[in-house]
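Line by line, the protein sequences are chains U and P. Residues 1 to 253 in the UniProt record's numbering are what the first sequence spells out, letter by letter. Residues 1 to 666 in the UniProt record's numbering are what the second sequence spells out, letter by letter. Don't be surprised by glycine CBs; every beta carbon is placed ideally from N, CA and C.
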Amino acid sequence: MSSENTASFAESATETFETFTEYATATANATGNETTTENITKSISLATPLLYLGVLIFTLITFSIYHRRTKVHQLQKLTSSSLFNPEYEIKAEDVLSANIDTPTIDSIPALIYSDLKELNAHEKMLKTSLVQRAAESMRRIIKLKETEPSIMILYTKGLIGDDSFKRYQMQVKLQDAEMMEIAKEAENYKQGWSRTIFPIAQEVMMNQALRRRINSINERKKIMENLTYKGVENVMDDIKARIDSIKINIVKK
Amino acid sequence: MSQSRYEYDENSETWPYFALTAILVPLIPSTISIISSLFKKSNKSHKSSFSPYNANYLQSFRNSQNRSKLFNLKTVLTIFGWILISGLLYIISNTETILSENHFDPWKILEISENATEKIIKTAYRKLSLKYHPDKVDTSSMTQEEIDSVDAAYVLINKAYKALTDETVRENFLKYGNPDGPVEIKHGIALPHFLIEGAFSPFLVVIYIAFIAIVLPLLVSNWWNGVKSTTKNGTHVTTADHFMKLLINASPTHVLLVDDIIKQVSHSVEYLNINTALTPDTVYNLIVSYINRETCKDENLRLNVVAITPKLLSSFLEIAAAFKNTDYCLKIVDAHRSIIQALNIEKDAKHFTFKEILQLPGVDVSKIDTNQSILTLGKLLKNKTVTPEKFLNKDKVDTIINYSKKIPIIEPIECKFKVPGEDHLPPMSAAHVSLKFLIKSPAHKGKPDFKSFKKDVINNQFKEEQSMDNLKDPMRVVNLQPNVELLSIPPYFPDTSYIEQNSGWIALLVSQRDNKIIEAPKILNKADLSNINLTQDEFMESKCNISTFKIQLSTPTPKEVGVYHFRLILRNLTYFGSDIDIPVVMNVEDKPIEKSKVDVYGIEDPDEDSIAGAMAQLRGESVKRVEFKNEYESSDDEDDEDNDDIVSWTDIDTDTEVEEDAVDSK
């Protein structure tokens, strides 16, 4: 039934095509100055439109595959260097071999956590490590929030490239995915922990930040001393003495 | 198609004009720019008697730079363009303009001059019509063609006569250039016929295809890639990305040093354009050895590396300012100056404390008497405890003294927020910071009494004219001032034209509350430098000119009425010791007040022997800030309301140990 139909359809199609070509040649003959009355009527086989369709679909598929691949490649290239710790470079082969289930492969606490998990470490250890991982994630999210207006300014002013901006946006997404991952892991240990782990992680984060600042005080002091005092003690002491004398004068007044 | 109605340019009448226009459009601007650059350069020549250790290399670097400026592709193309133009002009002058037969010129047809009287026209017409009348011409021995041409000639003569005498025909002629009324518009191709339809037509098609399919896409993609790979301020996107990452990760715990900045900037990909073998480490080593003033094996390479570094630093600065990171910005400016002066200010405390003296050409760190507390230029020139000869341990110090006298110093007179046309700051208004200042030499003591300024200086330069132009564009006053031109050029930096173009002060407006930059950095590069050459007496009698600097705020003043405190930080891009920090108060009020407030936070220079001066010396560059705090204390009596605010922010502002000392010592 259907084959008949198609056959008749094809027939009628060729017919119409023939009439059309006849008409075309007729008009050509009528209008053309040269009087070549060669009949160019030629029937076209059914394969032609199918071939056309085939070629079209093939090209579209090839293009889409190619396009997807380049897109993935571009994304990989974008994330190949970490946004947060420029000194720390992750090699792709290391990551692939370790089978890590974190979206942020440049986060050291996340790597430690997954390593511990692989080693079947004690649960307490794993929990602490997860809190650490959450704290690092929190720090990054806060950093990203903090720098968002600056990045927007830079991007709108054209002071950074498109890729840098895309990289930044991607990091925001990765960080969100990391949070989800942490929440999922937390839920595995104890139901409802995913709700309390983040406040705890925030406290840990604040504590770490404070510690970093306190620990740096001595170092800062040393650097400043080297820069402003060592070697020019005479001059500095002289100035200090003068300040002190003036201070005493003021107090006396 | 081939029987086209188009006319071709067979006699090459049109295409030379077309080509002439096409060439002249880009040629004239480029010629003007080349000529103006030639004039600009010839104006200046800075010669100093001091020659640095690498003087030969510096000289050859500068020479090659000048040469490359003069003999580059642009100049060659311009010269070639002018040769083409002369060729075209020659062609044009040699081609006779053959007007097409359609062109109608009644006077020519009648063989009379254009100012002929009616009588002459009539006689000429009669004479010609007699000659060409179809009945009068003997057509017996003529071919059909000849007969036709005679007929046509007679018709033309008639037409011409009518065009000059008949009213309506004349009007038609004047309006449309044809006695028959409007003519159809003709289209022509400014190419000869053979190029389009002859044997050469494939050639033309190839040219077209090459242009549209190859050259145009190449140009566009080139341009687009260029746009994509460089940022607005001309740095490579990779470099900008690197700077961005650095600032995202900027650690508040780390004491930022010039060394860190150099290390960070050495990762820029721009250095690879100089030499692809340059690694960040080698770049870093080259720059450090340059600021340490050490000799180097490959001096040329080093000079090339150093010459582009300040540009990278300025784009770094812009990115740092977008992150509102004041520490980074100030350190980048320090690094910039270190490179311009070839002075490693953080090598040790000696370099750091004596940096203002060490930047002077010919001063040797190993020779100066570091027991003398001559830390600033002012101290060296004015309140010297020992003679400069003794202090610098040199026989001839004249050139050094002269050099240092020409370093411009900012002496602020008034600094406040202003809204054009208002005498107070309404909420949500577009305000700008206005700084009125004097440029003085370090040798000038104190500052002239306000009353002693000349009247027209006060009226024109201090108080701005309330004209419509000034109110509409507050920046106009600033832009009308001359550019800052340095009178003494630092000898070490290879690219002198960079220094000349980028001399001035970088201005950062910082919030006192959290020490964050609130406005993108602006450069103060327009000021009147004439005061530098005044003698001390002239300076005090005040023959000085007042300069103005303004920063337009991009955000409106806050909604809430209140007092907001800011600090205007000015850092010289070239010299040490010409910096200043000025507190500015934004007093947002809702209702207009009758009497405009006198600027209670008047700014005065710290006297070198006063407590402020002493503290300033202790703290190095932040000379004026301490002074201002004193000012605030004295102003507290006058204005008790502001007392709390001031205390709160002066306490916050203790970034480093040294500054803490300074504050404590009060």
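Which residues of chain P have a Cβ atom closer than 9 Å to the Cβ of residue i, listed in chain order?
i: D162/U; result: K228, V237
i: M205/U; result: Under the 9 Å cutoff, chain P gives no residues; its nearest Cβ is about 15 Å from M205/U.
Within the present structure, is the beta-carbon of residue i separated from the nearest heavy atom of the ligand NAP by less than 6 Å?
i: V235/U; result: With respect to the ligand NAP, the structure offers nothing, as it holds no ligand at all.
So residue i contacts chain P; which residues on that side make the cut at Cβ distance below 7 Å?
i: L238/U; result: Inspection of the sequence shows that residue 238/U is occupied by Asp rather than by Leu. Per Cβ cutoff of 7 Å: S373.
i: T147/U; result: I248, F323
i: L227/U; result: E346, A349, F352
Kindly list, in the order they appear in chain P, the residues whose Cβ is closer than 8 Å to that of residue i.
i: T196/U; result: In chain order: nothing, as chain P lies at least about 29 Å away.
i: K230/U; result: D348, A349
i: L210/U; result: Those within 8 Å of L210/U in chain P number zero; the least Cβ separation is about 10 Å.
i: residue 327/U; result: The structure shown does not extend to residue 327/U, since chain U is modelled only from 1 to 253, so the question has no answer here.
i: K71/U; result: By Cβ distance, chain P contributes nothing, its closest Cβ being about 17 Å from K71/U, past 8 Å.
Does DSSP put residue i in a helix, in a strand, or in coil?
i: P310/P; result: helix
i: V204/U; result: helix
i: E114/P; result: coil
i: G562/P; result: strand
i: L509/P; result: strand
i: D281/P; result: helix
i: A520/P; result: strand
i: I44/U; result: coil
i: I182/U; result: helix
i: H242/P; result: helix
i: M428/P; result: coil
i: K122/P; result: helix
i: D138/P; result: coil
i: I532/P; result: helix
i: S86/P; result: helix
i: Y229/U; result: coil
Tell me whether residue i is buried or exposed, calling it buried when 16 or more other Cβ atoms sit within 10 Å of its Cβ.
i: W224/P; result: exposed
i: L83/U; result: buried
i: K173/U; result: exposed
i: G54/U; result: exposed
i: Q191/U; result: exposed
i: Y632/P; result: Residue placement at Y632/P is flagged as unreliable, the pLDDT there being 37, under the threshold of 50; the coordinate-derived value follows with that caveat. Buried: at least 16 other Cβ atoms inside 10 Å.
i: N531/P; result: buried
i: K108/P; result: exposed
i: T188/P; result: It should be noted that the sequence gives Gly, not Thr, for residue 188/P. Exposed is the call here.
i: P16/P; result: buried
i: Y132/P; result: buried
i: F354/P; result: buried
i: A109/U; result: It should be noted that the sequence gives Pro, not Ala, for residue 109/U. Counting Cβ neighbours within 10 Å, P109/U comes out buried, since at least 16 surround it.
i: D469/P; result: exposed
i: H122/U; result: exposed
i: S266/P; result: buried
i: D167/U; result: At residue 167/U the sequence reads Arg, which differs from the Asp that was named. So R167/U ends up on the buried side.
i: E560/P; result: exposed
i: S125/U; result: At residue 125/U the sequence reads Met, which differs from the Ser that was named. Exposed: under 16 other Cβ atoms inside 10 Å.
Give the residues of chain U in contact with residue i, contact being defined as C-beta atoms less than 7 Å apart.
i: residue 676/P; result: As shown, chain P starts at 1 and ends at 666. That puts residue 676/P outside it, with no answer to give.
i: T253/P; result: R212, R213, S216
Along chain U, which residues have their Cβ under 8 Å away from the Cβ of residue i?
i: E465/P; result: The premise fails here: E465/P is roughly 33 Å from chain U at the closest Cβ pair, so nothing lies under 8 Å.
i: M428/P; result: Neighbours of M428/P on chain U: none; closest Cβ ~20 Å, over 8 Å.
The segment 505-515 of chain P touching the segment 411-422 of chain P, judged by at least three CB pairs closer than 8 Å: no
Uninterrupted alpha helix (DSSP H) stretches inside the segment 439-474 of chain P (no shorter than 4 residues): 468-472
Any beta strand (DSSP E) of 3 or more consecutive residues that is wholly inside the segment 162-217 of chain P: Entirely contained in the segment 162-217 of chain P, not one beta strand (DSSP E) run reaches 3 residues.
Validate contact between the segment 455-467 of chain P and the segment 424-431 of chain P using beta carbons, cut 8 Å, 3 pairs: no
Segments assigned beta strand (DSSP E), at least 3 residues, entirely inside the segment 389-419 of chain P: 409-418
Minimum length 4: unbroken alpha helix (DSSP H) runs contained in the segment 304-391 of chain P: The qualifying runs are 326-341, 349-353, 355-358, 377-381.
Segment contact, 8 Å Cβ cut-off, at least three pairs: the segment 538-553 of chain P with the segment 389-400 of chain P: no
Touching by the beta-carbon criterion (3+ pairs, under 8 Å), the segment 286-300 of chain P and the segment 335-352 of chain P: At 8 Å Cβ cutoff, the stretches touch.
The segment 307-321 of chain P contacting the segment 230-243 of chain P, beta-carbon criterion three pairs below 8 Å: Judged by Cβ distances under 8 Å, the segment 307-321 of chain P makes contact with the segment 230-243 of chain P, as three or more pairs qualify.
Cβ contact check for the segment 267-282 of chain P and the segment 298-305 of chain P: 3 or more pairs under 8 Å: yes
Cβ pair count under 8 Å reaching 3, the segment 497-506 of chain P against the segment 559-571 of chain P: yes
At least 3 beta-carbon pairs within less than 8 Å: the segment 353-371 of chain P vs the segment 230-248 of chain U: yes
Contact between the segment 136-154 of chain U and the segment 165-179 of chain U (3+ Cβ pairs under 8 Å): yes
Three-pair Cβ contact test at 8 Å for the segment 26-41 of chain P versus the segment 471-482 of chain P: Under the three-pair Cβ rule at 8 Å, the segment 26-41 of chain P does not count as touching the segment 471-482 of chain P.
Three or more C-beta pairs below 8 Å linking the segment 487-500 of chain P and the segment 50-60 of chain P: yes
Stretch pair the segment 204-211 of chain P + the segment 230-239 of chain P: three plus CB contacts closer than 8 Å: no
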